[in-house]
Each structure stands twice: as structure tokens, then as C-alpha cells.
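These notes concern the structure reproduced below.
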Amino acid sequence: GSEMCIRDSANTDPFFVLKNMARNLELRVGVLEGATHTDESGRTIPVAEYAIYNEFGATIRVTPKMRAFLHYKGIHLSAETEELHIPARPAVRTTVDEYGDDWAQTLAGLLNRGLDPETALRQVGELASADMKRTIESWSQPPNAPATIESKRSRRDNPLVDSGDYVDSIDYEIRGGRQ
């Protein structure tokens, strides 16, 4: 048969990798390179940048420019506030933990039925990206601060959804083998 492994690359990247060793193929699912978000000021930033902050949490130093921007958005920090803490909301790792075994079993079943590895990985990529999008869309803990919800374009209290660019950027790609 075909040897497979799931490598949770989420310690450095907002995606995971499923490998098919026999054909040297790799399925990546999550926020892929090239996905971008344009903020209200027209600045384009990689979605992976804030996906990593959400996945692992972050402590961000408050600069005068940030303080002014937050004030403009209606978030008034005290003069003593020097850092903002973003709690971890590990949607990628949670999805892999919850569904990874199912994806591996689905892939094994497709390969055992004679499907070629690239087609099988594509089907698993569709399934895994749908599972990940659903996880992000239903995320609730820890909740956003009331001021954050108020400043969001979506006004939703889902801490992982504002513009929709994060969930929209979830995709899959197959690397290696014949392209």
C-alpha cells in the first residue's frame, strides 16, 4: 500500500501537510502562501500573518501610531497600556486534531479502491478545507473584547471572523509528484 503521515506544520505555518510517501506528494491545507487581506486603509497584508497570531496568540507592543489608530476606531487604551495580548485560537490545530484520522482513513480508502494518489489527495483536500472553514466559522472561545466586536466590520462576536478573508483564504494545494 501507500505510506502516509500527517505532519502538523502549524508550529510555523497556518496549514497542515498530509504526505503520500509512495508518490512523493504533499497535500497542504490551510492558509496558503499568497493569500492577502486589504484593510480599511488600503494596506495589503498576508492572511498568514494574522492567522499565525490567531493560531498561537501574540503579545504586541503598542506604538503611538497603533494607539492613535485604535483611538480612531473607538478603542481607548489607558496611558499605562504598553502591550496588547491576543489569546490563542488554534483553529488549524483543532481541525487537524478533530478530523486528521478521518482524512487519513478517507485517503487510504480512496487509494485502496484504485484512485490515483493525486485525485485522492484532491478529494481529501476538498474535505479538509471544508472542515477547517467550518471550524473557523463556528469558533467562539475565547471571545473578543466588546470594543473589538464593536470595531469589526462584521460586528460578529466570532473572534476569527471579521472581513471573511481568513476563512475565504482556507484552501489546499498538492505539491510534488507530477504537476
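The sequence shown begins at 35 in my numbering and counts up by one. Positions of the beta carbon are idealized from the N, C-alpha and C atoms, including for glycine. Computed from a prediction, not measured in an experiment: that's the story for all the values here.
- The way I'd put it, the region 124-136 does touch the region 84-91; three or more beta-carbon pairs between them come closer than 8 Å.
- For residue 208, there is no enclosing alpha helix (DSSP H); the residue is found in the beta strand (DSSP E) stretching over 204-210.
- Closest in C-alpha terms to residue 75, from the list 106, 201, 65, comes 106.
- Within 10 angstroms of the beta-carbon of residue 159 lie 16 or more other beta-carbons, which makes it buried.
- Residues of the same chain with a CB within less than 7 Å of the CB of residue 201, apart from the 5 flanking positions on each side, are 167, 170, 171, 195 in chain order.
- Less than 8 Å separates the beta-carbon of residue 61 from that of residue 208.
- Counting the other CB atoms within 10 Å of its CB gives residue 154 a total of 16 or more, which places it among the buried residues.
- For secondary structure counted as the beta strand (DSSP E) over 3 or more consecutive residues, the region 101-185 holds these complete runs in sequence order: 117-120.
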